[in-house]
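Below: the structure, in structure tokens.
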Amino acid sequence: MGESIRVKIRDAYAQIKAGKAMFEEGLKALSNALETVGACEDHLLQRGLESLPECNVPVTEHRKEHRMGRAPKIDCDPELQAFLIARIDRLTYAQIAQKVAEHFPEPRRVGKSAIHAWFKKRQRG
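In the numbering used here, the protein residues as written are 86 to 210.
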């Protein structure tokens with residue numbers, strides 16, 4: 086039994102030494118990579134920014150063309166738009182939302198906030 090424990094301890098010690106050597110080798114590789122990136126960083130940033138082409142399009146125009154997310158439901162549904170326009174002068178937003186819920190299936194329904202936002206956007210032009 087005593088010899089068996091010695092063998093296990095010797096094997097464990099050898100494994101720990103091997104693991105330590107691999108760790109030190111990996112740490113050395115990471116240190117070298119960090120040093121290389123640090124040496125190149127200023128050069129890469131300066132050359133990279135200087136080599137970019139000039140942009141003559143205003144930022145606001147670019148943002149108008151590339152909106153995030155999906156398009157609003159009302160803007161994509163002419164039938165829903167006509168439904169809202171027919172009621173916008175006679176009912177409140179909450180009442181219109183209720184009528185929309187009665188006449189349209191779930192995927193096409195919109196709430197009073199969406200109706201209000203759409204109407205205000207439409208008024209602005």
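We put the beta carbon where it would ideally sit given N, CA and C, even for glycine.
Return the chain-ordered list of same chain residues with a C-beta closer than 7 Å to the C-beta of residue i, the five sequence neighbours on each side being excluded.
{"i": "residue 200", "result": "169, 178, 181 and 182"}
Look up residue i in the DSSP assignment and say whether it is helix, strand or coil.
{"i": "residue 142", "result": "coil"}
{"i": "residue 177", "result": "coil"}
{"i": "residue 151", "result": "coil"}
{"i": "residue 185", "result": "helix"}
{"i": "residue 105", "result": "helix"}
{"i": "residue 167", "result": "helix"}
{"i": "residue 211", "result": "One cannot answer for residue 211 here, as it falls past the ends of the chain, which runs 86 to 210."}
{"i": "residue 192", "result": "helix"}
Is the distance from the Cβ of residue i to the Cβ of residue j below 8 Å?
{"i": "residue 193", "j": "residue 165", "result": "yes"}
{"i": "residue 185", "j": "residue 158", "result": "no"}
What's the gap between the Cα of residue i and the Cα of residue j?
{"i": "residue 203", "j": "residue 144", "result": "24 Å"}
{"i": "residue 119", "j": "residue 161", "result": "51 Å"}
{"i": "residue 153", "j": "residue 171", "result": "30 Å"}
{"i": "residue 187", "j": "residue 156", "result": "23 Å"}
{"i": "residue 121", "j": "residue 209", "result": "55 Å"}
{"i": "residue 131", "j": "residue 141", "result": "21 Å"}
{"i": "residue 207", "j": "residue 174", "result": "14 Å"}
Just to confirm my understanding: we take residue i, look at its own chain, exclude 5 residues before and 5 after, and list those with CB closer than 8 Å. What are they?
{"i": "residue 189", "result": "165 and 168"}
Only counting the same chain, and skipping five residues up and downstream in sequence, which positions put a Cβ closer than 6 Å to that of residue i?
{"i": "residue 197", "result": "178, 179 and 182"}
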